[in-house]
């Protein structure tokens with residue numbers, strides 16, 4: 217009986233892997249390096265973030281240096297509030313140099329450009345590494361992190377080098393209230409990318425937890441928006457197909473429909 221069960225589990229695992237492989241084969245990758253990073257990213261989300269614009273991907277040196285420094289601090293105190301502060305501060309020192317909307321994870325590793333998606337991805341990967349209890353929150357235009365530590369919530373606002381780690385309960389509550397979704401509001405335009413903290417705090421329609429793979433999907437979504445706004449609709453559609461594989465989101469699907477419609481119109485006009 218045990219042998220039969222083990223055989224069933226093994227065959228099921230092989231079958232699921234084959235299904236995942238077939239799903240990946242339907243995607244159009246810009247380069248072999250992007251495909252390789254995507255494949256590796258199925259086990260380690262770090263490589264999913266490296267896959268966007270993979271043809272210009274920098275080395276891992278900055279990331280490795282940051283991890284090595286934080287590892288030493290983790291071995292001394294473990295998952296401690298002081299490590300959380302160091303994680304936030306050292307990420308800004310090593311990686312987050314200049315804010316730029318739609319900066320990818322590779323831009324961040326290469327030249328220090330970052331936005332809320334790429335920076336939150338870096339912070340989340342580190343929080344995972346050091347066993348912090350956290351969640352990544354997606355809103356209409358912004359992404360941020362909530363860490364649950366010592367029975368209270370702590371905000372990590374990646375776009376604020378100074379004051380971006382919010383620990384005082386009243387300030388945390390005020391921050392979260394500002395992003396609370398209003399169910400009476402209509403969803404925003406599909407081609408408005410995530411990137412910056414919201415200035416108008418009155419019209420949120422999205423407030424949801426996303427995992428690392430879904431966050432990588434939002435990075436592909438941001439990249440697709442750039443191509444869509446440049447009227448490169450086929451390229452936008454390709455990026456959105458990859459985004460949907462990672463995150464079956466209404467706004468990603470909505471933009472995919474628009475991109476396909478526009479691509480068809482352009483093709484017809486060129487006939």
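Residue numbers (the working numbering): 217 to 487.
Ideal Cβ placement from N, Cα and C applies to all residues, glycine included.
(1) From 365, 367, 361 and 384, pick the residue whose C-alpha is nearest to that of residue 373; which is it?
(2) Quick one, are the C-beta atoms of residue 341 and residue 363 less than 8 Å apart?
(3) CB-CB under 6 Å to residue 409, same chain, minus the five flanking residues each way: which ones, in chain order?
(4) Do the CB positions of residue 247 and residue 282 come within less than 8 Å of each other?
(5) Check whether the Cβ atoms of residue 434 and residue 395 lie closer than 8 Å to each other.
(6) When you compare each of 467, 262 and 472 to residue 449 by their alpha carbons, which one comes out closest?
(7) Starting from residue 358 and walking both ways along the alpha helix (DSSP H), at which residues does that stretch end?
(8) Would you please verify whether the beta carbon of residue 369 is less than 8 Å from any beta carbon of chain C?
(9) Quick one: Cα of residue 284 to Cα of residue 338, how far?
(10) Measuring CA to CA, which of 444, 459, 357 and 420 is closest to residue 432?
(11) Assess, as a yes-or-no matter, whether the stretch 264-281 is touched by the stretch 316-331 under the definition of 3 or more beta carbon pairs within less than 8 Å.
(12) Quick one: using the 10 Å Cβ neighbour count with 16 as the cut-off for buried, is residue 481 buried or exposed?
(13) By Cβ distance below 6 Å, which residues in the same chain neighbour residue 224 in space, the five residues on each side in sequence not counted?
With the given structure in hand:
(1) Nearest option by C-alpha distance: 361.
(2) no
(3) With a pLDDT of only 48 at residue 409, under the threshold of 50, the placement of this residue in the model should not be trusted, and no figure is reported.
(4) No, the pair does not count as a contact, with Cβ atoms beyond the cut-off.
(5) no
(6) 472
(7) Segment: none, residue 358 is in no alpha helix (DSSP H) and carries neither H nor E.
(8) Note that chain C does not occur in the displayed structure, where there is just one protein chain.
(9) In this structure, the CA atom of residue 284 is about 14 Å from the CA atom of residue 338.
(10) Looking only at 444, 459, 357 and 420, the smallest Cα-Cα distance to residue 432 is reached by 459.
(11) yes
(12) exposed
(13) Bear in mind that a pLDDT of 39 at residue 224, under 50, signals an unreliable position, so the number given afterwards is only what the model happens to contain. Hits under 6 Å: none found.
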